[in-house]
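With the first letter of the sequence shown counted as 1, position 97 gets the number 1128 in our numbering; the numbers rise by one all the way through. The beta-carbon is built from N, C-alpha and C at its ideal position, and this holds for glycine as well. In what follows, a structure is listed as structure tokens, so that the remarks can point back to it.
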Amino acid sequence: MKIETLGDAWYHDAKVWMACAYGKREGLKTIRECGFQKTLDLETLICTRGWDFPLAMLATRLRCPHCGSRQIRVVWNFPSLDKRGAAAVGPRGRGYIGARTRWG
Ligand SMILES: [Zn+2]
């Protein structure tokens, strides 16, 4: 079962939240971490982006309202099909875990 679009996530009753990933460093300076987090409303996302919008691209379209950073982590949770809980879906996706071979 592949979940690639907002429509797929909606079908699986997914929960989604964003976290600002703006780090502790700016060049050589140490700065305060932003730490902004927000639960996102999937219905609104579908209204603004459409059913076919890829989940992996969502992080690239978000911006932190506190610090203006575009470094955003998006975390998806699919309670209906994954007991392991939250899964980060980003440009690199979850492929790494799945690509490991059985028994080496
Ligand atoms: Zn921020």
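- Beta-bridge partners of A1050 (DSSP): Q1068 and R1104.
- Secondary structure note for E1074: its alpha helix (DSSP H) is the uninterrupted segment L1073 to R1080.
- Between the alpha carbons of E1074 and R1080 lies a gap of roughly 10 angstroms.
- Counting C-beta pairs closer than 8 angstroms gives fewer than three between the segment 1091-1102 and the segment 1041-1048, which falls short of the contact rule.
- Within the same chain, and ignoring the five residues on either side of E1035 in sequence, the residues whose Cβ sits closer than 7 angstroms to its Cβ are P1085 and L1086.
- If you compare the alpha carbons of P1110, H1097, M1049 and C1098 with that of T1070, the shortest gap goes to M1049.
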